[in-house]
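What follows is a set of notes on a single structure, which appears directly below.
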Amino acid sequence: DNLNRGSDGTYWIALLGIRTRTFDLAMRKPGFRRRMAKRIAADEWLFPNINRGCVLRVSETGEIIDALWDEAGENHPSITSTCEHKGWLYLGGVSNNRIGRVRIEGADPQWTAHDDYWGKR
Numbered sequence: 131d132n133l134n135r136g137s138d139g140t141y142w143i144a145l146l147g148i149r150t151r152t153f154d155l156a157m158r159k160p161g162f163r164r165r166m167a168k169r170i171a172a173d174e175w176l177f178p179n180i181n182r183g184c185v186l187r188v189s190e191t192g193e194i195i196d197a198l199w200d201e202a203g204e205n206h207p208s209i210t211s212t213c214e215h216k217g218w219l220y221l222g223g224v225s226n227n228r229i230g231r232v233r234i235e236g237a238d239p240q241w242t243a244h245d246d247y248w249g250k251r
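Under this note's numbering, the residues of the sequence shown are numbered 131 to 251, in order.
And the structure:
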């Protein structure tokens, strides 16, 4: 649902990483998960945290060209949308209280996603 074209013909894809060490351990233990489902109310189950922001730049054939990460989850922990506009990549997220902006080296400073998709007015 969040796949956007870039000025150079590549595509930007926002990814949402959902991980904790406890959750990762639980996912490797089927017996633990079964016991949890039987003995604990559903609203008390372990669930992953939305804590990793990532944007991929991919070619038309799906080859990954670049990956931008916020591994610490400090700036943009849940990136759910991206849009390139006039040389900048804008980042948004459902639970973020801000919009991120990253300069894209070599991007066309006059290119807009709106004009590329809908045509110039």
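Even for Gly, the Cβ is constructed at its ideal location relative to N, Cα and C.
- Looking at the backbone, the Cα of His244 and that of Tyr141 are separated by about 14 Å.
- Per the coordinates, the alpha-carbon of Ala197 lies some 10 Å from the alpha-carbon of Leu145.
- Between Asp238 and Ile143, the alpha-carbon positions lie close to 19 Å from each other.
- A straight-line Cα-Cα distance of about 21 Å links Cys184 and Lys216.
- Where Thr152 is concerned, the enclosing alpha helix (DSSP H) starts and stops at Arg151 to Met157.
- When beta bridges are read from the DSSP output, His215 appears opposite Trp218 and Thr242.
- Nearest C-alpha to Leu133 among Ile234, Leu176, Ile170 and Leu221: Leu221.
- Straight-line measurement puts the Cα of Asp154 at about 10 Å from the Cα of Leu176.
- Selection Gly236, Phe162 and Ile229 evaluated against Ser137 yields Gly236 as nearest (Cα-Cα).
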